[in-house]
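Novice:
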Amino acid sequence: MEKSENDKIKRLKRHTVDGENQPLTTRQGLKVNDTNNSLKSGSRGASLLEDFILREKITSFDHERIPERIVHARGSGAHGYFELTESIEQFSKAGILTDTNRKTPVFARFSTVAGSKGSTDLARDVRGFAVKFYTQEGTWDLVGNNMPIFFIQDAMKFPDLVHSVKPEPNKEIPQAASAHDTFYDFVSLATETLHNQIWVMSDRAIPRSLRMMEGFGIHTYRLINKSGESHFVRFHWKPVLGVHSVTWDEAVKISGADSDFHRRDLWDAIDSGEFPQWEFGVQIIPEEDEHKFEFDLLDPTKLIPEEMVPVKIIGKMTLNRNPENFFAETEQVAFLPGNIVPGIDFSNDPLLQGRLFSYRDTQLSRLGSPNFHQIPINQPVVDAHHNQRDGQMQMNIPKGQTAYFPNTLGGGCPFLSKISEGGFSSYEERIDAKKIRTRSKSFSDHFSQPALFYRSLAPWEQKHVADAYSFELGKCTHTHIVQRMLWLIQQIDEDLAETVSANLGIAIPESIEQPINQAIGADSNVEDFQPGPKINYLDKSAALSQANTKFKSIATRQIAVLVSDGFSESDFSDMKSAIQKEKAQIKLIAPTGGTVKSDSNKEYKIDASITTTESVLYDAVYIPGGNKSVNELIKHAKFIKFINEALKHCKAIAVDNEGEQLLDRTFGKDFKADKAVLINGTTKEFIEAIAKHRNWDRMDKVDNIPV
Ligand code: HDD
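Per the UniProt record's numbering, the sequence shown starts with residue 1, numbered consecutively.
1. With DSSP collapsed to three states, give me the class of Q401.
2. How about L319 and G75: are their beta carbons less than 8 Å apart?
3. Which residue from A177, S178, T182, A176 puts its Cα closest to that of N170?
4. Does at least one heavy atom of the ligand HDD sit under 7 Å from the Cβ of G144?
5. Please confirm whether any heavy atom of the ligand HDD lies closer than 7 Å to the CB of S47.
6. The beta strand (DSSP E) spanning I586 covers which residue range?
7. Excluding sequence positions up to five away, which residues of its chain have a Cβ less than 7 Å from the Cβ of T330?
8. What does the alpha-carbon distance come out to for the pair R208 and G144?
9. Let me know the secondary structure DSSP gives residue 708 once reduced to three states.
10. Identify the residues that DSSP records as bridge partners of residue 731: which are they?
11. For the ligand HDD, is there a heavy atom less than 7 Å away from the beta-carbon of I70?
12. Measure from the alpha carbon of A522 to the alpha carbon of each residue in I606, T477, Y469, R437, then state which is nearest.
13. Which of the three DSSP states, helix, strand or coil, is assigned to P350?
14. Quick check on Q490: does DSSP put it in helix, strand or coil?
15. Using 7 Å as the cut-off, classify the Cβ of R109 as near or not near the heavy atoms of the ligand HDD, replying yes or no.
16. Could you tell me if the beta carbon of R355 falls within a distance shorter than 7 Å of some heavy atom in the ligand HDD?
17. Let me know the secondary structure DSSP gives S188 once reduced to three states.
18. What is the rounded straight-line gap between the Cα of N631 and the Cα of Y618?
19. First and last residue of the alpha helix (DSSP H) that includes Y427?
20. D349: buried (16+ other C-beta within 10 angstroms of its C-beta) or exposed?
21. With 16 other CB atoms within 10 Å as the buried threshold, where does M393 fall?
22. Examine the ligand HDD and report whether any of its heavy atoms sits within less than 7 Å of the Cβ of Y221.
23. Could you tell me whether the Cβ atoms of F529 and S444 are closer together than 8 Å?
24. The ligand HDD and Q283: does any heavy atom of the ligand fall closer than 7 Å to the residue's C-beta?
25. Assuming S609 contacts P591 (C-beta within less than 8 Å), just tell me the rounded distance between them.
26. Between which two residues does the alpha helix (DSSP H) containing V243 stretch?
27. In the DSSP assignment, what residue or residues form a beta bridge with L562?
28. Is T85 near S255, with beta carbons less than 8 Å apart?
29. In chain order, what residues of the same chain lie with their CB nearer than 7 Å to the CB of R355, ignoring the 5 residues before and after it?
30. Counting Cβ pairs, one atom from each stretch, are 3 or more of them under 8 Å apart for the region 185-195 and the region 240-253?
31. Does the region 652-668 come within contact of the region 629-644, defined as at least 3 CB pairs closer than 8 Å?
32. In this structure, what does DSSP give as the bridge partners for I224?
33. Counting only the same chain and skipping the five closest in sequence on each side, list residues whose C-beta sits under 7 Å from that of D203.
34. Tell me the DSSP bridge mates of L142?
35. For A433 and F295, I'd like the C-alpha separation in whole angstroms.
36. Which stretch, first to last residue, makes up the beta strand (DSSP E) that contains A652?
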């Protein structure tokens with residue numbers, strides 16, 4: 001299919017190298033005659049130092065790796081564009097937020113946080129959601145996550161947070177997992193983490209697809225309009241396909257069956273022309289309302305419920321092109337929260353303030369030079385002229401005698417721009433304060449929002465949270481850490497704490513040693529920094545539950561069709577055309593690979609043999625009729641397991657005619673009244689059941705299915 005073009009892609013093309021129909025050369029352009037054998041003194045003799053071709057090849061190889069990102073090491077990226085649907089000129093002068101005629105190129109990178117570059121996609125973790133907007137006024141990076149809040153309130157604690165969740169330093173265990181002692185030791189002592197922590201226990205931490213998760217800028221930023229007036233803002237991404245997740249049992253199994261599940265899904269969707277899309281929204285808060293909330297807008301561990309400030313949708317992002325080269329683009333892309341454009345500015349959120357330093361700094365060790373902006377993926381789409389000079393890997397040839405400002409010898413160039421001509425100037429915030437190392441008391445409510453989140457979840461989501469806490473704390477080996485956590489969970493929700501306590505077989509302690517919140521300085525008055533009492537300023541917030549997301553489309557869903565020779569052509573072709581009309585994908589799974597013939601002798605290519613695939617990789621299962629086919633499938637225990645797992649994971653299952661005989665060999669025989677188990681149902685019913693994502697009504701009953 002035709003690849004999309006935009007200003008960024010055009011610029012990247014200048015750097016793209018294509019070896020098709022070209023001779024193999026050395027880095028110097030010398031044509032190579034033999035790249036298989038080193039130069040030797042005789043065919044069985046030692047290799048010669050003279051062999052510059054060998055040395056060049058091996059030296060390059062020896063230096064192929066760069067340090068992986070200290071966090072968010074594993075990620076997948078894609079190109080696309082952003083379109084503004086509604087100008088917010090009254091709030092911001094940024095071209096990207098005011099010009100509805102623009103199509104701004106973007107590069108987005110999604111990531112897990114804790115795991116190494118080669119870790120599984122399905123780790124229970126926050127997902128990074130970073131977008132680089134190549135705007136006409138310079139590059140704007142919105143470096144967010146798929147959860148609207150963060151663990152900590154001050155950048156000073158970031159190394160502690162990351163050290164606690166990363167593999168424990170003595171044994172480098174566990175990989176890509178928060179379920180271990182050091183993490184919960186930290187979480188239970190720094191109680192500001194509890195809100196993000198409960199989100200990580202929810203299904204948000206195990207998305208079905210990167211294309212089916214929300215994104216959040218998290219911090220409060222500022223919008224600045226032409227008159228220099230400021231409004232506070234929080235940025236949101238809402239996936240057009242809705243927010244959907246897998247279950248923990250699936251996540252564990254997907255990690256074994258296809259640890260690239262999310263990366264592959266993103267790539268395949270874009271490759272097949274099913275472009276992922278997100279709506280872009282803003283919550284705008286007038287300056288005068290800064291102190292009107294029960295929480296502090298500058299506190300990144302607090303979300304602003306949409307019931308209090310609605311999200312106004314003003315644009316859409318579409319990802320429509322996979323990278324040409326993973327390393328050159330996805331690995332070398334450098335996101336900097338400090339990259340902003342006129343019309344957008346920072347707030348004093350102390351976490352954001354620290355980030356402004358950290359990201360530039362880390363690129364120096366990751367990419368090796370202050371010239372990392374010159375790497376093609378990091379270049380803006382507008383020309384950059386400045387007096388920064390030299391350094392390793394300078395790729396440009398800056399002309400002229402001057403590299404300073406002011407100058408006369410260079411004609412005063414590059415010259416300054418007036419604010420009216422697009423020159424950036426920081427918002428002139430009035431400040432009258434003491435220089436002080438402390439935490440604002442307005443940041444000390446650590447229980448109210450985790451409780452709001454938990455209350456807002458549907459019962460099936462709440463059960464998943466209880467299961468996740470039970471799993472994670474069950475992996476901790478120090479009882480005092482688990483007890484401390486149980487006590488804290490009790491402050492969020494008593495029933496939740498009791499369920500987890502029962503699962504763990506560890507009682508909730510009456511009290512825990514003070515102080516709870518140790519995220520303070522040695523000279524601070526401990527009592528003053530204890531988390532405040534839980535308050536209920538909003539009973540529930542609908543946007544926090546995935547039960548309220550979109551359930552309309554089955555586009556891009558993977559439907560497993562279980563077949564062997566002799567399957568019913570008429571059952572299959574009806575289902576196939578109905579599913580494909582809805583832009584979902586049919587995947588034929590048979591006892592062996594190769595091809596399979598229907599009862600009308602029509603031959604089909606198999607997508608996967610049952611030995612190479614797993615139920616957890618699909619969204620729904622269909623079994624067409626056909627005596628011969630069904631009788632063969634019944635012989636294979638893995639088809640039975642396949643269906644039982646789909647049932648356990650609350651997926652839609654449809655069987656036609658003889659297909660029911662296969663269902664009868666599974667636990668499915670007890671679920672014939674289930675609304676998402678369809679026996680000779682209509683294709684419409686099946687499609688609607690898939691669109692619902694899962695039938696959670698089944699959840700309690702399938703708990704005992706032993707797969
Ligand atoms: Fe960070 C990477 C998101 C707090 C320091 N962060 C990184 C990435 C994302 C985030 C999505 C990956 C970007 C990419 O794809 O290349 N980080 C967040 C969010 C935060 C946050 C949403 C809080 C709201 N981060 C945060 C703090 C610090 C850092 C407080 C340090 C003080 N983050 C980094 C880093 C990384 C990074 C070490 C690693 C690689 C990189 O920057 O480029 O500098």
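The C-beta atom is built at its ideal place from N, Cα and C for all residues, glycine as well.
Specialist: Short version:
1. coil
2. no
3. T182
4. yes
5. no
6. 585-590
7. G75, S76, G77, R109, P323
8. 19 Å
9. The first residue shown for the chain is 1 and the last is 707, placing residue 708 beyond what the model contains.
10. Since the first and last residues shown for the chain are 1 and 707, residue 731 lies out of range.
11. yes
12. R437
13. helix
14. helix
15. yes
16. yes
17. helix
18. 23 Å
19. Per DSSP, Y427 belongs to no alpha helix (DSSP H) and is neither H nor E.
20. buried
21. exposed
22. no
23. yes
24. no
25. 7 Å
26. Careful: V243 lies outside any alpha helix (DSSP H) and carries neither H nor E.
27. I589
28. no
29. A155, P337
30. no
31. yes
32. S230
33. S245, E461, H464, Q546
34. V131
35. 21 Å
36. 652-655
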